[in-house]
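Remarks on the structure that follows.
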Amino acid sequence: MSTTITLVIRRQKPGDSGSFFMEHQVEADGKTVLDALKEMRDTVDPSLAFRAQCKSGICGSCALRVNGSARLACSTFLSAVQIEGRVVLEPLLNFAVEEDLVVQDRPFWKAIEAIKPWLWSDKGYEHEAVVPPQVKNGTDCILCAACYSECEVQAVKPSGYTGPAGFVQAHRFVADKRDHGGKERLKLLETEGLWSCAHSYNCSEVCPKDIDIGGAIADLRSQALAAGLGRNAGGRHVAWFTRGVRRNGKMNEFWTLAGTRGWRIIFDLPTGLAMAIRGKIPWPWGKKAKSSREVRRYFRSKNQ
Amino acid sequence: MSTIRHDIVIIGGGVAGLRAALAARDAGAEVGLLSKVHPIRSASVGAQGGMAAAMNNVQDGDEWKAHYEDTLHSGAGLCDADAVEVLCREGPDAVRELDAAGVLFDRFDDGSVAQRPYGGHSKARCCYSGDKTGHSIVHALYWQCVKKGVHIYPEWYVWELIEEKGTVCGCVALEIRDASVHLVQARAVVLATGGIGQLFSVTSNPFASTGDGIGLARAVGARLRDLEMVQFHPTGLYPRGILITEACRGEGGYLINAENKRFMFDYDPRGDLATRDIVSRGIQTEIDAGRGIQGLPCVGLDVRHLGREEIMKKIPQAAQIAREFANIDLATQILPVSPTAHYFMGGIAISLNGEVYQEGSSQQVIPGLFAAGECSCLSVHGANRLGCNSLLDGAVFGKRAGVSAAAFARGSDQISVPDVRTSIVSEEMHRWTRGTRLDISSGQLRARLQQGMTARTGVFREDQGLRKQQVEIQEIRNQMNSIKYLPRKGRAHQAIERKELLHSLVIAHMMVEGARKRTKSVGAHWRIDS
Chain A
1 MSTTITLVIR RQKPGDSGSF FMEHQVEADG KTVLDALKEM RDTVDPSLAF
51 RAQCKSGICG SCALRVNGSA RLACSTFLSA VQIEGRVVLE PLLNFAVEED
101 LVVQDRPFWK AIEAIKPWLW SDKGYEHEAV VPPQVKNGTD CILCAACYSE
151 CEVQAVKPSG YTGPAGFVQA HRFVADKRDH GGKERLKLLE TEGLWSCAHS
201 YNCSEVCPKD IDIGGAIADL RSQALAAGLG RNAGGRHVAW FTRGVRRNGK
251 MNEFWTLAGT RGWRIIFDLP TGLAMAIRGK IPWPWGKKAK SSREVRRYFR
301 SKNQ
Chain B
1 MSTIRHDIVI IGGGVAGLRA ALAARDAGAE VGLLSKVHPI RSASVGAQGG
51 MAAAMNNVQD GDEWKAHYED TLHSGAGLCD ADAVEVLCRE GPDAVRELDA
101 AGVLFDRFDD GSVAQRPYGG HSKARCCYSG DKTGHSIVHA LYWQCVKKGV
151 HIYPEWYVWE LIEEKGTVCG CVALEIRDAS VHLVQARAVV LATGGIGQLF
201 SVTSNPFAST GDGIGLARAV GARLRDLEMV QFHPTGLYPR GILITEACRG
251 EGGYLINAEN KRFMFDYDPR GDLATRDIVS RGIQTEIDAG RGIQGLPCVG
301 LDVRHLGREE IMKKIPQAAQ IAREFANIDL ATQILPVSPT AHYFMGGIAI
351 SLNGEVYQEG SSQQVIPGLF AAGECSCLSV HGANRLGCNS LLDGAVFGKR
401 AGVSAAAFAR GSDQISVPDV RTSIVSEEMH RWTRGTRLDI SSGQLRARLQ
451 QGMTARTGVF REDQGLRKQQ VEIQEIRNQM NSIKYLPRKG RAHQAIERKE
501 LLHSLVIAHM MVEGARKRTK SVGAHWRIDS
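Residue numbers (full-length UniProt numbering), protein chains in the order written: chain A, 1 to 304; chain B, 1 to 530.
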């Protein structure tokens, strides 16, 4: 028995700011989103614009939003994603739309280029360069920009933010023994927004290659701290947050904020007082968590 | 409309194109690279298994000579021995250069680049990066090009080459984004546009593999050779044709038929690791004899005995493709596979330095024009390419083409081209977009071409079918005037799909002709009526 689904495609003419939806019925059985798009272009509307290449999930061309979340069109089966018989296709978020499902990807490539994702080395071939396995994970990245689309920080369009894919590239080079970037790389990352990530982990969630992008960013941050970097609000936030957990087995909101803001906390005083009056601020010298001993042991075992 | 000038223009952004760009840049040339898809999306990223080079890191006594013998043997007498010698001698250095450029080859514990056995190779000489070797190489080369200041034009489509006084000195190109037409001037042009998988309905190649560069070269009088030589990879995921790497068998997997029998030893003493032409014929014979698994036209690829851990370590991408596209767990289930059009051994006839020969000649070259990689034919692969030799081909001969193009450019003046062609091309596109609107699209015509090619010019061929296909190609060509358009400002994909189809039809026509002429079976070209 065949299932028919309604394909809803958001379309936009080049140069227009407004978009419109086009609906079409397709047979869904065994078909991917890309199969359906190709069929649409070949039999219904040859002007329909979308990007696609390898149809095997390895070239990264065809990322778009399927029922609201970023995916690869070629490896997404209609039957698996349809909701009440409908599949809505839209261009990626956080990009300007060029035409229909095609986005202007230049800013994405530029943002990645900013972290200089090439081997910093003039040594040439090194026989003994064993590369640690954690590098491997990052090299799976196909630069499809699904993470870029779902990134909450990217949504506010900060300047100097390489974005999740950029951090993945950087992580791979920082761990690469052949690379002599070391601290310089981490410094560069600080200017490219290492401390701006708001760890929503949306990137890890949508990555079609299952790369732990959020984890990579966290790891880069601890490496930056270990290298004596992170002398900014982001770095201090991590330090004071950890300090609270190590000492008391739980985070302390007051000291985390105070530590992060430093002397600038005087600007927060009016808000702080108003909150304190309404009992919204926990006591700075509050009780320890029941498991605080265990937590301290854990920190000792991790040598921190 | 604008005019762009570079010393060297490279057309195509896969391994061969990027390597050529880098080599030309290192030689001091100012380089522009035009690619109809972003280089990171090139067909080369789909190359999985690895890159062969006699590095002897396994210390099994490997040397370039052994690699040379294997390649010649696999090519079934059609290889150019001098070219194969260059390929095999320069292999190890090509690997080291790529490693230094940032490619993450897997390593042995002692730090040397890891090597594994591969179909048709007598020694373990396949250097790899998991089963994403092409991906790893393309990414590293692309960013090296960015770093070194190669001007990259992603999503630019080359419409035609410009020839002035018998010398190729640029091209007319389309910026896909807004269909604007540009004149690109250069002292030398390197074609690295890849293969022709899109001539077939079942193929491992991306949509871009339509043979444009071969068509462009043909239009300026280049000699084409071995056009009937298409490699069918034995293990395309049924029914989509997605590539399942040969590494699955290199690591110990094997093929079985409906009777649960390992049938490959019936065809060749090397069994599952015989060369690709033999394995593809073995599979096709089993299928044609009704021994396909589950009553389908496919056989089973079994890697279950490797265990989950080994699978995830050695062939993770194959496991992911199986899971995503067939809902199959390689650790517990058998994967349905069948032959898929994979690699073009034929192409633009070139010299060892990538110079393009004129039609009917093996001495006269077309000044200013160079080619490398899958679109070219030396021939290093003969009638059947060895696995892992294509990335090597792209790296070794891409570099050579880049170097010799740079040398040529140094010794030649920029020929200034009167800008007449851009307006002619614009006019042509404009005429197309106003074309008579009947009910057929480029995509539908291509599908018709593909079905015929797969059915009649596939693993097995016979004269009757080939003749039928010639008629079919002519009919498709006649229908091209009826292609429908929806006039719309914006991306140029409608015009490009049509142009690509034109190139594909030219090549298909010559391929079928060549297949008819070659009545004897050799390598990947198998005539059942011979």
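Yeah, the Cβ is synthetic: ideal placement off N, Cα and C, and Gly gets one too. Remember, it's a predicted structure, so these values are computed and weren't measured experimentally.
### Query
Under 8 Å, do B:Gly523 and B:Met264 count as touching if we go by C-beta distance?
For B:Gly523 and B:Met264, no; Cβs fall outside 8 Å.
Point to revise | Same chain only: Cβ atoms within 8 Å of B:Ala447, ignoring 5 sequence neighbours per side | key: Apart from sequence neighbours up to five positions away, the residues of its chain that approach B:Ala447 with a beta-carbon distance below 8 Å are Ser201, ordered along the chain.
#### Entry: Stretch pair the stretch 34-44 of chain B + the stretch 69-80 of chain B: three plus CB contacts closer than 8 Å
The stretch 34-44 of chain B, when compared against the stretch 69-80 of chain B, does not touch it at the 8 Å Cβ threshold.
TODO: Check distances from the C-beta atoms of the UniProt domain "4Fe-4S ferredoxin-type" (131-161) of chain A to those of chain B and list, in chain order, the residues that come in under 8 Å.
DONE: Taking 8 Å as the Cβ-Cβ cut-off against chain B, the residues of the UniProt domain "4Fe-4S ferredoxin-type" (131-161) of chain A that qualify are Val131, Val135, Lys136, Thr139, Asp140, Ile142 and Leu143.
(request) Would you give the residue range spanned by the alpha helix (DSSP H) that A:His237 belongs to? (result) Taken as a continuous stretch (DSSP letters only), the alpha helix (DSSP H) holding A:His237 covers Ala233 to Asn248.
Beta-bridge partners of B:Gln115, as assigned by DSSP: Answer by DSSP bridge pairing, in chain order: B:Cys127.
**Item:** Counted within 10 angstroms of its Cβ, other Cβ atoms place A:Val17 as buried (16 or more) or exposed
**Value:** Reading off the sequence shown, one finds Ser at residue 17 of chain A, where the question assumed Val. By the neighbour-count rule (16 or more Cβ atoms within 10 Å), A:Ser17 is not buried but exposed.
Count the other C-beta atoms from every protein chain shown that fall within 10 angstroms of the C-beta of A:Met275, then say buried if there are 16 or more, exposed otherwise.
-> Answer is exposed; the Cβ neighbour count stays below 16.
Original post:
Quick one: is B:Thr340 buried, meaning 16 or more other Cβ sit within 10 Å of its Cβ, or exposed?
Top reply: With 16 or more other Cβ atoms within 10 Å, it is buried.
Proximal residues to A:Ala165 (C-beta, below 7 Å), its chain only, five neighbours per side dropped:
If we look at A:Ala165 and ignore the five residues flanking it on each side, its Cβ neighbours are Ile112, Cys141, Leu143, Ala145, Cys147 and Tyr148.
Item to complete: State yes or no: is the beta carbon of A:Ile58 nearer than 8 Å to at least one beta carbon in chain B?
Response: Residue-level contact check: A:Ile58 touches chain B, since one or more beta carbons of chain B fall below 8 Å from its beta carbon.
- What is the rounded straight-line gap between the Cα of B:Gly514 and the Cα of B:Asp226? The alpha-carbon atoms of B:Gly514 and B:Asp226 are separated by roughly 8 Å.
| message | Per the DSSP calculation, B:Arg304 is bridged to which residue(s)? | response | Beta-bridge pairing links B:Arg304 to no other residue.
Check: At a Cβ cut of 9 Å, what residues of the stretch 470-489 of chain B count as close to chain A, listed as they run along the chain?
Finding: Per Cβ criterion, the list reads Ile483, Lys484, Tyr485, Leu486, Pro487, Arg488 and Lys489.
- [ ] Note down the Cα distance separating B:Leu34 from A:Phe20, rounded to an integer number of angstroms.
- [x] Taking the straight line from one Cα to the other gives about 33 Å.
Requested in this report: Run the proximity test for B:Ala53: is its beta-carbon closer than 7 Å to any non-hydrogen atom belonging to the ligand MG?
Outcome: The ligand MG is absent from the structure shown, which contains no ligand whatsoever.
**Message:** Please tell me whether A:Leu119 has its Cβ less than 8 Å away from any Cβ of chain B.
**Reply:** Residue-level contact by beta carbon holds for A:Leu119 and chain B, with a gap shorter than 8 Å.
key: Nearest-angstrom beta carbon gap, B:Ala409 and B:Ala192 [assumed within contact, 8 Å]   = That pair is no contact at about 16 Å.
Chain B residues whose Cβ lies nearer than 9 Å to that of A:Ala129: Ordered by position in chain B, the residues that pass the 9 Å Cβ test against A:Ala129 are Asp99, Arg107 and Gly111.
- Item | Start and end residues, beta strand (DSSP E) containing B:Cys171 | Here the beta strand (DSSP E) through B:Cys171 covers Thr167 to Glu175.
**Prompt:** If you check the beta carbons only, do A:Thr256 and A:Gly272 fall under 8 Å apart?
**Reply:** Cβ distance not < 8 Å, so A:Thr256 and A:Gly272 don't count as in contact.
**Message:** Buried or exposed, going by whether 16 or more other CB atoms sit within 10 Å of the CB of A:Ser47?
**Reply:** Result: buried.
- Message: At the level of alpha carbons, what is the spacing between B:Ile507 and B:Gly32?
- Response: Looking at the two C-alpha atoms, the distance is approximately 27 Å.
For B:Gln363, name the three-state secondary structure that DSSP assigns. In the displayed model, B:Gln363 falls within coil according to three-state DSSP, outside both helix and strand.
- Query: Which stretch, first to last residue, makes up the alpha helix (DSSP H) that contains A:Tyr148?
  - Reply: Where A:Tyr148 is concerned, the enclosing alpha helix (DSSP H) starts and stops at Ala146 to Glu150.
*asked:* Taking a contact to mean a Cβ-Cβ separation below 8 Å, would you say B:Val512 touches B:Gln470 in this structure?
replied: The answer is yes: Cβ separation under 8 Å.
So for B:Val230, helix, strand or coil by DSSP?
The answer is strand: DSSP assigns B:Val230 an E or B state.
With 8 Å as the threshold, decide whether the Cβ of A:Ser2 is near any Cβ in chain B. No, its Cβ sits nowhere closer than 8 Å to a Cβ of chain B.
Proximity test, Cβ basis, 8 Å: B:Pro336 and chain A: With its beta carbon at least 8 Å from every one in chain A, B:Pro336 lies outside the interface.
| message | I need the straight-line Cα distance from A:Met251 to A:Ser291, nearest angstrom please. | response | For A:Met251 and A:Ser291, the distance between alpha carbons rounds to 13 Å.
### Message
What would DSSP say about A:Gly272, mapped onto helix, strand or coil?
### Response
Residue state, collapsed to three classes: helix.
Inset, instruction - At 9 Å on the CB atoms, spell out the chain A contacts of B:Gly443, in chain order. - result: Result: Lys38, Glu39, Arg41, Asp42, Thr43 and Pro46.
Do A:Leu93 and A:Val8 count as a contact pair if the criterion is CB distance below 8 Å?
In this structure, A:Val8 keeps its C-beta atom at 8 Å or more from the C-beta atom of A:Leu93.
Excluding sequence positions up to five away, which residues of its chain have a Cβ less than 8 Å from the Cβ of A:Val97? Closer than 8 Å at the Cβ level, and outside the excluded window around A:Val97, lie Gln12, Ser19, Pro91, Val103 and Gln104.
inquiry  = Against A:Ala52, what residues of chain B qualify as contacts under a CB-to-CB distance less than 8 Å, listed in chain order?
reply    = Residues of chain B with a Cβ closer than 8 Å to the Cβ of A:Ala52 are, in chain order, Phe207.
Using the Cα positions of A:Ile5 and B:Gly211, report the straight-line distance between them to the nearest angstrom. About 35 Å.
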